[in-house]
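Asker: Sharing a structure below in structure tokens format, with a few things to ask.
In this note's numbering, the protein residues as written are 227 to 320.
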């Protein structure tokens with residue numbers, strides 16, 4: 227159950243991170259945010275858009291990394307159980 231929820235969150239954060247990175251303005255003023263014209267600058271303000279988008283990108287990246295580590299840890303749980311089972315001494319046959 228937890229694995230499925232983490233998978234869904236991970237995929238959503240992945241797409242959101244892609245979108246946020248594409249919306250950022252580059253040094254040349256490019257990016258998909260430029261498609262909005264003057265309205266994109268009015269919504270966020272002059273420098274406010276850069277700080278907001280930078281923080282949003284950082285938060286998305288942190289959540290993405292945490293879900294990646296959590297999914298890797300949960301997925302390796304079966305391997306740990308198998309190794310413990312193989313290391314358990316068995317009784318010799320009479």
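Glycine is no exception: its CB is placed at the ideal position from the N, C-alpha and C atoms. The structure presented is a predicted model; accordingly, all values stated were derived computationally and were not measured.
For residue 230, report the span of its alpha helix (DSSP H) as first-last.
Answerer: Taken as a continuous stretch (DSSP letters only), the alpha helix (DSSP H) holding residue 230 covers 228 to 249.
Asker: Roughly how many angstroms lie between the CA atoms of residue 267 and residue 248, to the nearest whole one?
Answerer: Its pLDDT being 49, under 50, residue 267 is placed unreliably in this model, and the coordinates cannot settle the point.
Asker: Taking all protein chains shown into account, decide if residue 237 is buried (16 or more other Cβ within 10 angstroms of its Cβ) or exposed.
Answerer: Exposed is the call here.
Asker: Taking the straight line between their C-alpha atoms, what separation do you get for residue 241 and residue 303?
Answerer: Each residue's Cα considered, the two are about 27 Å apart.
Asker: Do you know how far the Cα of residue 244 is from the Cα of residue 297?
Answerer: Those two C-alpha atoms are separated by around 20 Å.
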